[in-house]
Amino acid sequence: MRNAIGMGLLGLATLPALASDPAGYDPHEREIRQASELVPWCRQEAEARFVARGERTYQWSASYSDRGNALSVEGRLRVEGRDVAVTCRIARGARERYATIEIEDPKG
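Each number in the working numbering corresponds to the 1-based position in the sequence shown with 4 added.
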C-alpha cells in the first residue's frame, strides 16, 4: 500500500492560484514545456512538504521523461534517513500550477 505525508497517497496537486489576479492568472508563472523544466518544481514541492513537518531533506535524485504531451519526473528524496519516492506530472505547455505531485513515504 502506498503511503504519503500523514495520510494515504499524497496526490496533492497544483499550486494555489496566485493572489495577484482573482482569476488566478499570473504573467510571471512559468509554462512547463520540457520534462527537464519540471524537475526543479518537483524537488521544491517535495522538500517544502517535509520542511513544513519539521523534517530535514537531502540527497535529491531524479529522472524525467516525456511521452507525447505528458511530462513526468520520477524522483527520490532522502528524508530523515529514509528514501521517499516522488512522482510529478504535467501536460506539456501547462502552467506550473497544474502540475501534480505524488509522494510515497514509507513512514506514512
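Even glycine gets a Cβ: it sits at the ideal position worked out from N, Cα and C.
Quick caveat: nothing in here was measured; it's all calculated off a predicted structure.
Using alpha carbons as the reference points, say which of the options lies closest to residue i.
i: G112; options: G79, R57, W45; result: R57
i: G79; options: R96, D87, A98; result: D87
i: R96; options: S65, L42, I107; result: L42
i: S76; options: A66, E84, V83; result: A66
i: P44; options: D109, E108, R93, P110; result: R93
Can you tell me which residues form a DSSP beta bridge with residue i?
i: D70; result: L75
i: A89; result: R80, E108
What three-state label does DSSP hand residue i in the structure shown?
i: E106; result: strand
i: Q38; result: coil
i: R82; result: strand
i: G96; result: Looking at the sequence itself, residue 96 is Arg, so the reference to Gly does not match. Three-state result, R96: coil.
Segment contact flag, the stretch 34 to 41 with the stretch 49 to 65, C-beta cutoff 8 Å, min 3 pairs: no
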